[in-house]
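Each remark here refers to the structure printed beneath this line.
Numbering (my numbering), first residue to last: 33 to 278.
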């Protein structure tokens, strides 16, 4: 699987997350029109929930099926399920978004609100977005995860250390996001109230917070090899239901 990962990761624009039982054809067609030359990944687990629906879109223009490059990272999904309380396919897409160093593209208000509720910060939308604005800010979201990835993963690996200061860990992750938010200044310069464009989802911080509540979640994480830290970057989750057809 690693050879497939290496061939995909460079050209991936995002990982899509949607309810597999809700017809999202309209937004898929919108993405198909606008991302003909870059791929968008759909997790193997999500496809398996409704193969008939997804089969007509998986032609590489732009949607492709993505996998866990090593078997061990798939075990991280159940740990996140315990922390987040989300469906398995949601946790799987979050982990893969981190592993493939790509923003999570969320379809559906309910799904996005679930993520927003547990996010460590978000970017409000105070302007109307045209197609060129969407393209620009999806590209910026791509840079968001790419530029912070190395630091995020190196920090996440510290969760395997018995000497980690969890409060300091959480604060450091929040500061990373605080600096990154400045990229999105164009979205906050207006006076409209268009909702939330992007949420910063940090599973590693949530794991640390659960541990501070004495839930022993780190014990489960530390049973996995440290390589699974690749799935614990801060993930920018873009709200594709926010004025997407304007």
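Backbone N, C-alpha and C define an ideal beta-carbon position, used for all residues, glycine too.
### Query
Cα separation between residue 71 and residue 130?
Those two C-alpha atoms are separated by around 16 Å.
### Query
Of all the options 150, 145, 97 and 95, which has the alpha carbon lying nearest to the alpha carbon of residue 116?
Residue nearest to residue 116 within the set 150, 145, 97 and 95 is 150 (criterion: CA-CA distance).
### Query
Since residue 268 is in the beta strand (DSSP E), which residue starts that stretch and which ends it?
Element bounds for residue 268: 267-271.
### Task
Classify residue 96 as helix, strand or coil using the three-state DSSP reduction.
Strand, per DSSP.
### Message
With H, G and I counted as helix, E and B as strand and the rest as coil, what does DSSP make of residue 45?
### Response
It is a strand residue.
### Message
On a Cα-Cα basis, can you pick out the residue from 124, 89 and 155 that is closest to residue 221?
### Response
Comparing Cα positions, the closest option is 155.
### Query
To the nearest whole angstrom, what separates the beta carbons of residue 73 and residue 132, a pair I think is in contact under 8 Å?
So it is a contact: roughly 6 Å between Cβ atoms.
### Task
Give, in chain order, every unbroken run of the alpha helix (DSSP H) that is at least 4 residues long and sits entirely within the stretch 180-243.
Listed in chain order, they are 198-212.
### Message
Tell me the rounded alpha-carbon separation between residue 97 and residue 191.
### Response
The straight-line gap separating the alpha-carbon atoms of residue 97 and residue 191 is approximately 30 Å.
### Message
Output needed for residue 236: all residues of its chain with C-beta closer than 6 Å, excluding positions within five of it in sequence on either side, in chain order.
### Response
Result list for residue 236: 188 and 264, in chain order.
### Task
Return the chain-ordered ranges of every beta strand (DSSP E) run that is complete within the stretch 82-132 and spans a minimum of 3 residues.
Whole beta strand (DSSP E) segments, 3+ residues: 95-98.
### Query
With a Cβ-Cβ cutoff of 7 Å, do residue 137 and residue 272 count as a contact?
One thing to note: residue 137 has its Cβ within 7 Å of the Cβ of residue 272.
### Query
Would you call residue 101 buried or exposed, if buried means 16 or more other Cβ atoms sit within 10 Å of its Cβ?
A residue is called buried when at least 16 other Cβ atoms come within 10 angstroms of its Cβ; residue 101 meets this threshold and is buried.
### Query
Could you give the C-beta distance for residue 108 and residue 256, rounded to a whole number, given that I count them as a contact under 8 Å?
Residue 108 to residue 256, Cβ: 6 Å. Contact.
### Message
Give me the DSSP bridge partner(s) of residue 72.
### Response
Secondary-structure assignment with DSSP links residue 72 through a beta bridge to 46 and 95.
### Same chain, Cβ closer than 8 Å to residue 47, neighbours up to 5 away in sequence not counted
Within the same chain, residue 47 has close Cβ partners 72, 73, 74, 75, 98, 125, 128, 129, 132, 134, 135, 136 and 137.
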